[in-house]
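If you read the sequence shown in the working numbering, its first letter stands for residue 2, the second for the next number, and so on.
Heads up, the beta-carbon is just placed ideally off N, CA and C, and yes, glycines get one too.
The structure displayed is predicted, hence computed values, not measured ones.
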Amino acid sequence: VIREEYNPVIIAEEYYRVGAAAISVLTDTQYFQGSLEDLESISNRVPLPVLRKDFILSDKQISEARHFGASAILLIVRILSLTQLQDLLAFAKELGMESLVEVHSEEEAGLALEAGAEIIGINTRDLDTFTIHPELIERVVRVLPSHIHAVAESGVTGKESFDEMMKHVNSALIGTYFMKSKNITESFRVLFS
Numbered sequence: 002v003i004r005e006e007y008n009p010v011i012i013a014e015e016y017y018r019v020g021a022a023a024i025s026v027l028t029d030t031q032y033f034q035g036s037l038e039d040l041e042s043i044s045n046r047v048p049l050p051v052l053r054k055d056f057i058l059s060d061k062q063i064s065e066a067r068h069f070g071a072s073a074i075l076l077i078v079r080i081l082s083l084t085q086l087q088d089l090l091a092f093a094k095e096l097g098m099e100s101l102v103e104v105h106s107e108e109e110a111g112l113a114l115e116a117g118a119e120i121i122g123i124n125t126r127d128l129d130t131f132t133i134h135p136e137l138i139e140r141v142v143r144v145l146p147s148h149i150h151a152v153a154e155s156g157v158t159g160k161e162s163f164d165e166m167m168k169h170v171n172s173a174l175i176g177t178y179f180m181k182s183k184n185i186t187e188s189f190r191v192l193f194s
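Okay, structure coming up:
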């Protein structure tokens, strides 16, 4: 448990007030205590694009995401075949949704590009050891064409790490840093000052 007092709607409203460009909503119940109801509540209350953050493996999950108010989904290259990734990207696009395609290496970035990804998230957290490798961002960005929107994922520990990441990417998906903070608004101001 990262945050004891956890009301996703109140947190999303605070993100909106401080200037977040979009909201990422965990919907995985088993590992992250998220839900589709959280997604729906947030998308109904916060006038920002909302991303369903889950282990998306099927069209059904994308349809659910759309039904519950998401405008974007997370697709993780590591858990999908190239064909699955291509099919899920195409289906999301048919529904008018964006896809954030998460990669953990230059090789995975190559697969994301081959599948047609336009927004690529570079997750610096090793999913086996949970260690953070901030240098991964710079390495992966080198293989991305300039038209790709690159997003930093994981690894923000403060202003210095954030500023270093932002030298290489267009935006950042920040969760743990804010969830560990006692004051999200102040933490947001520190990063963006």
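- In the three-state reduction of the DSSP assignment, I43 falls in the helix class.
- Selection Q31, Y32, V26 evaluated against E41 yields V26 as nearest (Cα-Cα).
- Within the segment 59 to 110, the complete beta strand (DSSP E) runs of at least 3 residues fall at 73 to 77, 99 to 104.
- Between the segment 37 to 52 and the segment 77 to 87 there are fewer than three inter-stretch CB-CB distances shorter than 8 angstroms, so the stretches are not counted as touching.
- In the three-state reduction of the DSSP assignment, S188 falls in the helix class, which pools H, G and I.
- If you check the CB distance, V104 and I120 do not come in under 8 angstroms.
- Pairing D88 with D55 gives a Cβ-Cβ distance that is not under 8 angstroms.
- T132 and N124 have their C-alpha atoms spaced approximately 11 angstroms apart.
- Here S172 is not near F179, since their CB atoms are 8 angstroms or more apart.
- Apart from sequence neighbours up to five positions away, the residues of its chain that approach T186 with a beta-carbon distance below 8 angstroms are E15, R18, V19, ordered along the chain.
- In this structure, the alpha-carbon of D60 lies about 7 angstroms from that of F92.
- The alpha-carbon of V157 is positioned some 30 angstroms away from that of E65.
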